[in-house]
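Colleague: Those sequence lines, one after another, are chains E and Z.
Each residue of the first sequence is one higher than the one before, starting from 1 at the first, in full-length UniProt numbering.
Each residue of the second sequence is one higher than the one before, starting from 1 at the first, in full-length UniProt numbering.
The C-beta atom is built at its ideal place from N, Cα and C for all residues, glycine as well.
All figures in this text were calculated on a predicted structure; none of them were measured in a lab.
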Amino acid sequence: MIGGLFIYNHKGEVLISRVYRDDIGRNAVDAFRVNVIHARQQVRSPVTNIARTSFFHVKRSNIWLAAVTKQNVNAAMVFEFLYKMCDVMTAYFGKISEENIKNNFVLIYELLDEILDFGYPQNSETGALKTFITQQGIKSQPQTKEEQSQITSQVTGQIGWRREGIKYRRNELFLDVLESVNLLMSPQGQVLSAHVSGRVVMKSYLSGMPECKFGMNDKIVIDKQGKGGATDDSGKSSGKQSIAIDDCTFHQCVRLSKFDSERSISFIPPDGEYELMRYRTTKDIILPFRVIPLVREVGRTKLEVKVVIKSNFKPSLLAQKIEVRIPTPLNTSGVQVICMKGKAKYKASENAIVWKIKRMAGMKESQISAEIELLPTNDKKKWARPPISMNFEVPFAPSGLKVRYLKVFEPKLNYSDHDVIKWVRYIGRSGIYETRC
Amino acid sequence: MPAVSKGDGMRGLAVFISDIRNCKSKEAEIKRINKELANIRSKFKGDKALDGYSKKKYVCKLLFIFLLGHDIDFGHMEAVNLLSSNKYTEKQIGYLFISVLVNSNSDLIRLINNAIKNDLSSRNPTFMNLALHCIANVGSREMAEAFAADIPRILVAGDTMDSVKQSAALCLLRLNRTSPDLVPMGEWTSRVVHLLNDQHLGVVTAATSLITTLAQKNPEEFKTSVSLAVARLSRIVTSASTDLQDYTYYFVPAPWLSVKLLRLLQCYPPPEDAAIRGRLSECLETILNKAQEPPKSKKVQHSNAKNAVLFEAISLIIHHDSEPTLLVRACNQLGQFLQHRETNLRYLALESMCTLASSEFSHEAVKTHIETVINALKTERDVSVRQRAVDLLYAMCDRSNVQQIVAEMLNYLETADYSIREEIVLKVAILAEKYAVDYTWYVDTILNLIRIAGDYVSEEVWYRVIQIVINRDDVQGYAAKTVFEALQAPACHENLVKVGGYILGEFGNLIAGDPRSSPLVQFNLLHSKFHLCSVPSRALLLSTYIKFINLFPEVKGTIQEVLRSDSQLRNADVELQQRAVEYLRLSCIASTDILATVLEEMPPFPERESSILAKLKRKKGPGMVPDIEEGRKDKNVNGGMEPISTNATTKSTPSPSTDLLSLGSSPALSSAPPSSSAGGLLVDVFTENHAPAAPGVPMGPVADDNFSRFVCKNNGVLFENQLVQIGLKSEFRQNLGRMYIFFGNKTSTQFLNFSSSVICQDSLKTQLSIHIKPADPTVDGGAQLQQILNIECVSDFVEAPVLSIQFRYGGTLQNIAVKLPITLNKFFQPTEMTSQDFFQRWKQLSSPQQEVQKIFKAKHSMDTEVTKAKIIGFGVALLDRVDPNPSNFVGAGVIHTKTTQVGCLLRLEPNTQAQVGGPERVLACALACARCRAVPSPNASLSPSLFTDVPSHTTDKQGHCIAAAL
């Protein structure tokens with residue numbers, strides 16, 4: 001079990017130190033700092049063993065979170081806990097930064113007391129936590145006994161993520177499909193590797209204890225239905241639109257037994273925002289952009305680069321926040337850039353030309369050309385030509401995932417599926433989106 | 001042009017450095033550096049020329065980035081440009097960049113050298129100094145090549161400034177260290193020596209360092225420096241502390257210079273001129289006197305400086321080893337330091353005393369401090385000081401105080417640090433053996449030693465005690481009694497069991513009369529330890545048991561019972577099982593007479609150098625052991641212990657553990673010396689040399705241990721002992737050859753008067769002409785000397801030439817003679833031929849003088865690849881698919897000599913069936929020799945000279961010689 005938890009800033013100073021078990025001493029704090037944060041060589045493994053003590057760490061921007069134990073714990077559990085811890089902190093005070101942690105350290109200790117007991121992880125559901133750990137300070141009137149017992153029964157009950165008796169005037173829910181698309185492409189345009197990792201994030205404001213059912217164009221489900229329908233035509237038409245999901249994980253509220261048997265996703269949702277599922281696909285990915293590089297070395301002191309990007313989606317959609325990063329050789333002494341659209345700039349500190357375009361519609365094309373002057377060096381090493389990378393945001397799911405339905409049933413209260421206002425949004429972002437040049 | 005009045009402070013650089021220091025993370029730092037690098041690149045690329053200030057600033061930034069650990073691959077040109085600036089700061093930065101960043105194979109080296117040359121020839125002393133410092137800092141071979149000639153000129157020129165002279169001397173010293181061969185000696189040596197008379201003490205100090213190094217290489221050329229050094233030293237020593245204002249350090253006049261002068265004098269024997277000698281003694285006495293004076297300052301620097309001079313003076317006195325009064329005074333002075341509260345002083349005093357103890361004049365004086373040293377051993381807190389105390393005790397030991405010292409060391413051993421235990425054990429063993437008057441005392445001591453520190457008692461120690469007991473009739477009974485008593489302890493060390501087993505097996509009968517140690521009691525006692533021992537010890541005990549059967553027929557039944565038990569007869573260890581089976585059979589079938597003969601008492605061992613001593617030397621390196629052994633070392637002629645084994649065991653046990661009783665080193669080479677029998681060498685080719693020359697064993701006669709290894713190869717280590725290693729690299733073409741001989745000095749001290757020569761025995765002189773190029777007379781400690789040998793084979797030969805080297809090491813003359821592996825087969829040129837050709841010729845060469853055949857047992861199983869490699873290494877061409885029998889090996893070649901060329905054919909026929917089931921196979925090898933016989937002309941196409949040019953030489957001799965060489 002987790003013996004202690006430390007939070008460090010980038011210099012290795014301890015911001016939060018919470019020790020749960022006696023076998024972890026103060027020197028563990030220093031051991032981690034010396035051997036991992038200040039290590040001469042960057043430590044890449046997230047698990048480090050120092051003097052029979054295991055340190056599990058995750059890094060969020062400049063902040064290190066380290067869980068320490070002397071026992072043989074389940075490492076996956078520890079990391080799951082650390083990620084959850086990050087989520088909880090983000091939900092309470094936003095971005096995890098040194099300043100935020102310093103400003104909220106009382107709150108963090110309070111949270112740590114709640115979600116970790118003698119090193120055993122407890123309920124870390126943000127919604128539940130927020131009912132009894134508040135940021136506003138002590139409430140003026142003490143909670144009634146009833147309320148207290150309600151919290152207790154909820155936290156210890158079967159459905160720990162939702163309390164009873166929630167009431168909204170307007171029953172509303174928001175569904176976001178967030179995807180990041182990763183690509184590595186050869187200069188000739190051949191796809192070397194591509195995959196999409198996506199999340200379905202839900203924000204629900206529903207009264208009572210509703211039972212929800214979520215449907216999407218998962219290939220297995222569609223095929224099954226197609227067979228059930230027994231007509232060949234329906235099978236064909238649906239087969240075109242369905243997607244093959246390689247693997248997926250669900251929020252704890254989803255009934256896995258039902259998913260296993262019927263492949264239907266049914267659940268009682270937590271109140272507020274949460275991540276319903278995560279998935280990954282590798283087949284039939286719609287690549288929103290195509291990058292066509294052209295690099296020409298003119299003698300030893302000059303390099304000509306031309307890059308064309310083509311948007312490959314419906315003309316009615318608009319891509320946003322487009323950024324193309326073209327690496328330059330290490331001996332660049334000057335750069336001239338010409339681009340038709342957006343802004344381009346040579347960033348010496350990153351050894352790259354960064355080209356930014358605010359908006360771009362589908363089925364369009366844009367081009368940049370740059371002349372790079374080089375300084376002759378003593379080194380005979382050739383430039384390694386790192387790939388051109390790209391960032392963007394598009395309003396559709398590159399995997400092709402579609403939400404087919406989300407049904408809400410609340411038998412006790414008198415509202416039906418039709419009364420719930422539902423919003424669906426698709427956002428496709430770039431992950432590591434690279435083209436070799 | 002920006003204003004020049006920016007001064008030396010470079011604001012841009014300071015800002016950049018503070019930016020880097022303020023970076024929050026590694027990434028931020030790299031970003032900042034990338035930005036700066038891009039900036040500098042664009043500045044350097046820019047078309048308008050940069051002024052000196054900005055160039056300096058950017059080069060400085062690059063240097064800083066480089067020192068942060070990033071690669072810098074540009075800016076070298078700008079740095080070189082800075083060299084030609086007239087401003088000191090700019091030049092300085094340029095030189096700094098170049099000394100740090102430019103590697104010797106850069107294209108810019110020519111430009112740099114040019115700039116340095118300009119500065120060297122300028123009249124500005126600061127520029128000259130900068131250039132000299134750069135040369136010294138880079139110190140590469142290329143630098144030495146370019147400037148080795150100029151620097152001595154600057155050093156001895158009359159008009160050079162003092163500071164430049166100083167730098168020049170140190171620069172020359174550095175070049176001399178990196179590439180001594182390039183620094184010319186000669187006309188300027190005498191003028192360098194005269195720098196010792198210079199007015200400026202800084203110059204003298206620098207020059208002394210240089211002269212000391214040079215004098216170690218060429219003592220003769222710098223002999224004149226002795227009188228000057230003595231004069232200078234006496235002036236310093238006698239001066240009042242106020243005389244040498246700048247060079248007085250905490251009231252000690254010029255301590256560094258004094259130390260260096262004293263070091264210089266240690267390169268030479270005591271001066272012969274009485275006047276100089278007197279003056280030197282006076283100086284040394286003054287230094288010793290000064291040590292007695294009350295300190296002029298309480299500061300630690302004062303005493304440090306004073307003691308530094310004093311210790312150097314003492315080491316000079318020890319080095320000269322000629323003035324009894326000085327030696328005794330030095331000894332007394334050190335005696336005072338032994339009780340000083342400063343740990344470093346105590347350490348140094350013990351160390352110096354160690355060397356003093358070996359001098360005949362001061363040995364007695366050292367002995368007076370024995371109590372203090374023993375006390376130091378007991379109370380000293382620092383382990384290194386205790387170690388020195390042990391060394392000193394070892395050095396001061398002689399017959400008169402051996403009992404006391406050994407007792408103290410044994411006492412100390414119980415609490416000694418683990419790191420030095422083994423060494424103490426060795427030292428105790430040596431002292432006990434060397435100065436033992438009474439051998440019963442010796443046996444007691446060693447048994448005690450095993451009892452106290454059994455784990456640290458190496459094999460050699462207990463081998464030695466057995467050797468001594470066997471060789472001395474008078475102690476045998478006592479030894480048997482003592483080990484018997486010692487074995488009665490409930491827990492005794494395995495080494496004790498081994499000694500006990502051996503001694504009781506030999507001399508158990510001497511104490512059998514006493515009913516308390518009757519044969520059965522002895523046997524039971526030993527057998528009670530049996531199960532606690534490791535396999536080798538058990539094997540030894542089994543031998544003891546069979547010896548018991550011979551000594552005491554009454555216990556025969558008991559012992560046979562033990563041997564017959566399953567734990568012996570079916571032991572998992574082959575060695576033990578075999579011994580048990582054989583001993584059991586031996587005891588059952590052999591008559592008492594046979595038993596008595598087979599299991600006779602061991603014959604006395606030949607007297608030799610103690611193998612323990614060799615081990616100690618090996619362990620510490622020769623420089624560390626006080627030279628009390630010097631006299632003995634020279635007398636030792638033979639190698640280590642010869643294999644000695646109980647008559648019964650070696651019969652049929654080929655496993656490695658048979659070495660158990662062959663006390664000491666590995667078995668000697670069983671192969672015959674190559675020249676003694678025809679065909680011997682050929683057999684040797686297939687013998688792996690399992691016994692590398694035992695290190696630490698001095699060689700007297702011609703060593704040829706490694707000789708046979710070189711029959712099939714040209715490079716390798718020919719000879720090695722604890723002082724020197726001789727390596728070879730050779731190449732042969734037709735009748736000519738060149739051999740590079742490398743003499744490596746393995747010690748830390750210099751070899752003086754080194755000389756080497758090649759001796760050819762009478763007839764060999766005409767057959768082989770060898771030219772050897774003379775080599776340096778000195779070989780530095782740890783250094784290697786190369787010598788080239790040009791060889792021409794005039795006609796065929798049998799004997800091998802002998803390389804004889806001579807040198808003086810630590811005062812004693814060492815002689816080493818090694819057979820040089822120049823054999824006739826080195827002059828083979830491989831010849832390819834077809835199967836038809838081969839057999840045609842083979843049949844032609846049928847007369848008995850033309851053929852040599854040798855049948856021998858292979859020492860190892862025949863591995864085809866190894867054999868092939870050997871045949872190719874032998875020099876002939878390996879002919880594939882020539883012989884109809886695929887397992888045969890066939891080769892052909894031509895031996896080139898100046899007078900003749902002789903073709904040779906070779907066949908190697910492994911006979912695997914000869915001994916059915918046995919691991920050994922019989923090989924037949926035939927060798928045929930061509931000669932000037934009428935040969936049909938078509939054959940000449942192969943190698944025309946082979947068969948046409950051969951004069952009417954006596955053919956039979958030819959064939960014979962080659963066979964012999966093979």
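Does any CB atom of chain Z fall closer than 8 angstroms to the CB of serine 333/E?
Modeller: Chain Z, which has a Cβ nearer than 8 angstroms to the Cβ of serine 333/E, makes this yes.
Colleague: Would you say glutamate 373/E lies against chain Z (beta-carbon separation less than 8 angstroms)?
Modeller: Chain Z contact via Cβ: present.
Colleague: Starting from the Cα of proline 884/Z, find the closest Cα among Pro821/Z, Gly873/Z and Phe838/Z and give me that residue.
Modeller: Per the Cα distances, Phe838/Z.
Colleague: Going residue by residue through the region 286-338 of chain Z, where are the continuous beta strand (DSSP E) segments of at least 3 residues, counting only ones entirely within it?
Modeller: Whole beta strand (DSSP E) segments, 3+ residues: zero.
Colleague: Where do the ends of the beta strand (DSSP E) carrying glutamate 720/Z lie?
Modeller: Start and end: 716-720.
Colleague: The region 334-362 of chain E: which residues have C-beta closer than 7 angstroms to a C-beta of chain Z, in chain order?
Modeller: Correct list: Gly334, Ala348, Ser349, Glu350 and Asn351.
Colleague: Closer than 7 angstroms, Cβ to Cβ, to anything on chain Z: give me those residues from the region 4-35 of chain E, in chain order.
Modeller: The residues in question are His10.
Colleague: For lysine 407/E and phenylalanine 214/E, what's the separation of their Cα atoms in angstroms?
Modeller: Each residue's Cα considered, the two are about 7 angstroms apart.
Colleague: Taking 8 angstroms as the CB-CB cut-off, is lysine 61/Z touching chain E?
Modeller: Not one chain E Cβ lies under 8 angstroms of lysine 61/Z.
Colleague: For isoleucine 759/Z, which residues of its own chain have a beta-carbon under 7 angstroms away from its beta-carbon, when the five flanking residues on both sides are left out?
Modeller: Taken in chain order, the residues that qualify are Pro801, Val802 and Ser804.
Colleague: Taking CB distances under 8 angstroms as the criterion, tell me whether valine 15/Z reaches chain E.
Modeller: It does not; no Cβ of chain E falls within 8 angstroms.
Colleague: For glutamate 414/Z, count the other beta carbons within 10 Å of its own beta carbon; 16 or more makes it buried, fewer makes it exposed. Which is it?
Modeller: Label assigned to glutamate 414/Z: exposed.
Colleague: Mind pulling the chain Z residues with CB within less than 8 angstroms of asparagine 62/E?
Modeller: The answer, in chain order, is Lys24 and Ser25.
Colleague: What residue does the alpha helix (DSSP H) around asparagine 182/E start on, and which one ends it?
Modeller: Unbroken run through asparagine 182/E is the beta strand (DSSP E), 172-185; no alpha helix (DSSP H).
Colleague: Would you mind telling me which residues of chain Z sit closer than 7 angstroms to threonine 435/E, beta carbon to beta carbon, in chain order?
Modeller: Here the premise fails: no neighbours, minimum Cβ distance about 23 angstroms.
Colleague: What span of residues does the alpha helix (DSSP H) with valine 530/Z cover, start to end?
Modeller: One point to set straight first is that residue 530/Z is phenylalanine, not valine, in the sequence displayed. Element bounds for phenylalanine 530/Z: 519-530.
Colleague: Can you round the beta-carbon distance between valine 305/E and valine 295/E to whole angstroms, since I take them to be within the 8 angstroms contact cut?
Modeller: Contact flag correct, Cβ pair sits at about 5 angstroms.
Colleague: I need the boundaries of the alpha helix (DSSP H) containing asparagine 471/Z, first residue and last residue.
Modeller: 459-471 is the span of the alpha helix (DSSP H), which, as asked, contains asparagine 471/Z.
Colleague: What does residue 967/Z touch in chain E if you count any residue whose Cβ is under 7 angstroms from its own?
Modeller: This structure cannot settle anything about residue 967/Z, because the visible part of chain Z is limited to 1 through 966.
Colleague: From the DSSP output, read off the bridge partner residues of threonine 332/E.
Modeller: For threonine 332/E, which the question treats as bridged, DSSP gives the partners Leu374/E.
Colleague: DSSP state of cysteine 492/Z, grouped into three classes?
Modeller: Cysteine 492/Z: coil per DSSP, three-state reduction.
Colleague: Within 8 angstroms of any Cβ in chain E, is that where the Cβ of aspartate 273/Z sits?
Modeller: So, not an interface residue.
Colleague: Expressed to the nearest angstrom, what Euclidean distance is found between the alpha-carbon atoms of serine 666/Z and glycine 781/Z?
Modeller: Legend: pLDDT at serine 666/Z = 35, less than 50; position of this residue unreliable, value from coordinates given subsequently. Rounded to the nearest angstrom, the two C-alpha atoms are 30 angstroms apart.
Colleague: Find the nearest neighbour of asparagine 124/Z within the set Ala365/Z, Leu101/Z, Val164/Z and Glu142/Z, judged by alpha-carbon distance.
Modeller: The residue with the shortest Cα to Cα distance from asparagine 124/Z is Val164/Z.
Colleague: In three-state terms, what does DSSP make of valine 201/E?
Modeller: It is a strand residue.
Colleague: Could you say if the region 345-355 of chain E and the region 395-404 of chain E meet the contact criterion of at least three C-beta pairs nearer than 8 angstroms?
Modeller: Too few Cβ pairs lie closer than 8 angstroms, so no.
Colleague: In whole angstroms, give me the CA-to-CA distance for proline 936/Z and phenylalanine 827/Z.
Modeller: With a pLDDT of 32 at proline 936/Z, under the threshold of 50, the predicted position of this residue should be treated as unreliable, though the coordinate-derived value follows. Roughly 26 angstroms between the two C-alpha positions.
Colleague: Measuring alpha carbon to alpha carbon, tell me which of Ile109/Z, Ser755/Z and Leu37/Z ends up nearest phenylalanine 74/Z.
Modeller: For phenylalanine 74/Z, the nearest C-alpha among the options comes from Leu37/Z.
Colleague: Quick one: which chain Z residues come within Cβ less than 8 angstroms of threonine 377/E?
Modeller: Correct list: Asp73 and Phe74.
Colleague: Could you give the distance in angstroms between the alpha-carbon of arginine 153/Z and the alpha-carbon of phenylalanine 874/Z?
Modeller: Using only the alpha carbons, I get a separation of about 54 angstroms.
Colleague: Would you please verify whether the beta carbon of arginine 41/Z is less than 8 angstroms from any beta carbon of chain E?
Modeller: So, interface residue.
Colleague: Relative to the C-alpha of lysine 314/E, which candidate in Cys253/E, Pro293/E, Arg21/E and Met360/E has its C-alpha closest?
Modeller: Out of Cys253/E, Pro293/E, Arg21/E and Met360/E, Met360/E has the C-alpha closest to the C-alpha of lysine 314/E.
Colleague: What residues in its chain sit with their C-beta under 6 angstroms from that of phenylalanine 707/Z, if we drop five residues either side in the sequence?
Modeller: Counting only Cβ-Cβ distances below 6 angstroms, and skipping sequence neighbours, we find Lys819 and Pro821.
Colleague: In whole angstroms, what is the alpha-carbon distance linking lysine 290/Z and valine 252/Z?
Modeller: Spanning the two alpha carbons is a distance of roughly 10 angstroms.
Colleague: Cβ of valine 68/E within 8 angstroms of Cβ of glycine 3/E?
Modeller: Yes; because the gap between Cβ atoms is below 8 angstroms, this pair is in contact.
Colleague: Rounded to a whole number of angstroms, what is the C-alpha to C-alpha distance between glycine 501/Z and histidine 363/Z?
Modeller: For glycine 501/Z and histidine 363/Z, the distance between alpha carbons rounds to 41 angstroms.
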